[in-house]
Amino acid sequence: MQRNRDDSPPADANYDHAHRAFLQAFLSQSVMTVDEIRPILAKIMTAHHPDRPRMDGDITQQAITSMVQAVNAKISPLDYEIRSAKDQHTNNTLTYALVNTTSDALTQLATTFTADQIAYIKRLLDAMFDENNTRKREVMAVRSMRAIQLAKAPRRDRQSQAGGDADATQLEANVKGISQIEADTVLATLVSQGFFHKSRHEYYSLAPRALMELRAYLKETYNDPPAEDDDEDSEPTIRIRDCEGCREIVTVGLRCSNRNCDVRWHDSCATQYFNSQQRNARRCPKCKADWTGDQYVGERADRTQSRSSTGGRSSVAQRMNEDEEDDEDE
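Right, here's the structure in full:
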């Protein structure tokens, strides 16, 4: 007689040792993919019910979801939550992270990094979401060479302007640069801890953990509200946009060919939406412009722009010209 296997986690109404062990795994690793969770949860469930051993393949997505929901119900009063997000770089890889839901995620980094190193991380974010995020080119990543150059503290940047002129002056006096060797160490740590992703083309961008923890910070810092004046035509400046499909932040994906349209997609979400439509009939769901599928968000926007440089104009000169045009548009 075939044994009826239940793929759900232990159905104990109480918060038991299985849940504690699952949470402990996140306390030690902070971020895990589904493939990394499966063997851990299989061992936990086998230990919980030795008479019903589980293999990695027995762990379904529903089993993971049920365990996460049970743990979240317990840790929510402590301002912690296990969140999930798709990895934009691999399209469909689901990543889970244990995050603090109330405190500033950058403040939490103080347990790992010094004040000067955190200031360096903020400069990296400024480079990703301000310097390399224009109306014409939404790169939202920084080349490794530029990342090392940012080790030197600038005289003034976005983060130093946040507290007003007096605070900015004081902050500028206190923040110091770090060495290039130290910058290399910080970058390697951010990658190993799941905050940054480093591509084979030597670009650094935010990994799923950072996007989950920094979602509110990114929007508050880089999205500017309308100017507080009498100009009724004043519009907000939006640098951080959500996917039209899953409503999560897009830093790697596709954009509408109409630069005045704010529709953005993750690659997998766009594929799912447009898959049932004939290629020559695809339209942006908002502005109805032809959907070309070749307007990128992320490092592909930078690489594509560099390859398309023509007429002897260097890509650097072209970018400087585009940035000047962006300033005029704003």
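As numbered in full-length UniProt numbering, residues 1 to 330 make up the sequence shown, in order. Even glycine gets a Cβ: it sits at the ideal position worked out from N, Cα and C.
Proximity below 8 Å, CB of residue i to CB of residue j
i, j, result
"Ala85", "Thr95", "yes"
"Ala147", "Tyr204", "yes"
"Cys269", "Val263", "no"
"Lys176", "Asp116", "yes"
"Ile121", "Ala110", "no"
"Asp224", "Pro208", "no"
"Arg93", "Thr33", "First, the amino acid is wrong: residue 93 is Thr here, not Arg. It is a contact, given that the beta carbons lie within the stated cut-off."
"Gly245", "Ala141", "no"
"Ser30", "Gln193", "yes"
"Arg137", "Ala301", "yes"
Simplified DSSP assignment, three categories, for residue i
i, result
"His89", "coil"
"Ile118", "helix"
"Asn100", "strand"
"Glu138", "strand"
"Tyr296", "strand"
"Ser160", "Interpretation of Ser160 is limited by its pLDDT of 43, a score under 50 that renders its predicted location unreliable; the figure taken from the coordinates is listed afterwards. Here Ser160 sits in helix by DSSP."
"Asn280", "helix"
"Asp126", "helix"
"Asp242", "strand"
"residue 339", "Coverage of the chain is limited to positions 1 through 330, which leaves residue 339 absent and any answer about it impossible."
"Asp302", "helix"
Burial state of residue i, where buried means 16 or more other Cβ atoms lie within 10 Å
i, result
"Arg239", "buried"
"Lys74", "exposed"
"Thr251", "buried"
"Arg247", "exposed"
"Cys287", "exposed"
"Pro50", "exposed"
"Ala63", "buried"
"residue 345", "Only positions 1 to 330 of the chain appear in the structure, and residue 345 is not among them; the question remains open."
"Asp56", "exposed"
"Gln88", "buried"
"His201", "exposed"
"Arg259", "exposed"
"Leu218", "buried"
"Ala47", "exposed"
"Asp79", "exposed"
Residue range of the beta strand (DSSP E) that includes residue i
i, result
"Thr33", "Val31 to Thr33"
"Arg255", "Gly253 to Arg255"
Boundaries of the alpha helix (DSSP H) in which residue i is found, first to last residue
i, result
"Arg146", "Ser144 to Gln149"
"Thr111", "Premise fails: Thr111 is in no alpha helix (DSSP H) and is neither H nor E."
"Phe274", "Asp267 to Phe274"
ask   = In chain order, which beta strand (DSSP E) runs of at least 3 residues are fully inside the region 203–232?
value = 203–206
query = Of all the beta strand (DSSP E) runs that stay within the bounds of the region 168–201, which reach a length of 3 or more residues?
reply = 196–198
message = In chain order, what are the residue ranges of uninterrupted alpha helix (DSSP H) at least 4 long that sit wholly in the region 37–85?
response = 61–75
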